[in-house]
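Written below as structure tokens is the structure these notes are about.
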Amino acid sequence: MRPPAPLPREFYLQDTVDVARALLGCVLWRKYGREWLAVRIVETEAYLGVNDAASHARRGHRSQRNESMYLDGGHAYVYMTYGMHYCVNVVTQEDWIPEAVLLRGGEPLSGIETMRSLRGGFSRDRDIASGPAKLTQAMAIDRALDAASLGSDVLRITPRDRDVAESEISVSARIGVEGAPAAAHWPLRFFFAGNPHVSPGRPAGSFVPSKKRRSRG
DNA sequence: TTATTGATTGACT
DNA sequence: GTCAATCAATAAA
């Protein structure tokens, strides 16, 4: 399977929250050897740069790690987290505006067996890319791809391969950002509710009703 | 200089 | 439910 034409640069210059929503259903491609790996994006989070306490660019912070957040929209920002995992972001906005969208979940479309193997042989398809670091591991994305263009022949994002109704998109607070209380509850996570390739994590304070046993038929 | 904390995951009680 | 793996950035000293 070969990817179609990438999303245009203008796509990434929209409001970052709009980009996060619009990326749901789009397809992320990664050329690995001779093979194109592909997942449909099913979960994203917006990170709003300078004024977002949970962003790596909070207060305008800039370092070797997050340098690519300051690139023009349409590039990748890949960073290491917890000393052993990578996460991939889609950089948005013009140069010098360090906003980005974290890709947190993908539904395997192409190269599934290669991705399963890269993940260490986890058997179920829903375990392949249902989390930000699972996705990068399945697609062999690491720091070597930091700052790569998302319209390239190595890494690419292409338009939705099917229609997506706004009503399919669920919203919540972001996951794993309790350490930034000022922004911890901002509704910046977008996902397809019920899709098995959404990460199992839950935002802090979220309430998940326990499955109630049906008392009678 | 040392200590703590993650935009996480998988194994285990 | 708990916890370890393991490193870059940041805070504390």
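Using my numbering, the letters of the first sequence map in sequence onto residues 40 to 256.
We put the CB at the ideal spot given by N, CA and C, even for glycine.
Please read these numbers as outputs of a predicted model, since none were measured by experiment.
Sequence-distant residues of the same chain with beta carbon closer than 8 Å to Pro220, five excluded per side: Locating residue 220 in the first sequence gives position 181, where the first residue counts as 1. Answer for Pro220: Ala92, listed in chain order.
Report yes or no: do three or more beta-carbon pairs, one from the stretch 223-234 and one from the stretch 96-106, lie closer than 8 Å? no
Within 10 angstroms of its Cβ, does Trp68 collect 16 or more other Cβ (buried), or is it exposed? Locating residue 68 in the first sequence gives position 29, counting from the first residue. When all chains shown are included, Trp68 counts as buried.
Buried or exposed, going by whether 16 or more other CB atoms sit within 10 Å of the CB of Ser245? Position 206 of the first sequence, counted from the first residue, corresponds to residue 245. When all chains shown are included, Ser245 counts as exposed.
Just curious, the alpha helix (DSSP H) that Val58 is in, first and last residue? In the first sequence, counting from the first residue as 1, residue 58 sits at position 19. Per DSSP, Val58 belongs to the alpha helix (DSSP H) from 55-61.
In three-state terms, what does DSSP make of Tyr121? Here residue 121 refers to the residue found at position 82 when the first sequence is read from its first residue. It is coil, neither helix nor strand.
Measuring only the C-alpha atoms, how far is Glu82 from Ser238? In the first sequence, residue 82 corresponds to position 43, counting from 1. In the first sequence, residue 238 corresponds to position 199, counting from 1. Those two C-alpha atoms are separated by around 8 Å.
Nearest residue (CA-CA) to Gly218, options Leu62, Arg97, Leu189: Translated into positions along the first sequence, residue 218 becomes position 179. Comparing Cα positions, the closest option is Arg97.
Rounded to whole angstroms, how far is the Cβ of Phe231 from the Cβ of Leu62, which I believe are closer than 8 Å? For this step, residue 231 is matched to residue 192 along the first sequence. For this step, residue 62 is matched to residue 23 along the first sequence. Not quite, the Cβ-Cβ distance comes to about 12 Å (not below 8 Å), so this is no contact.
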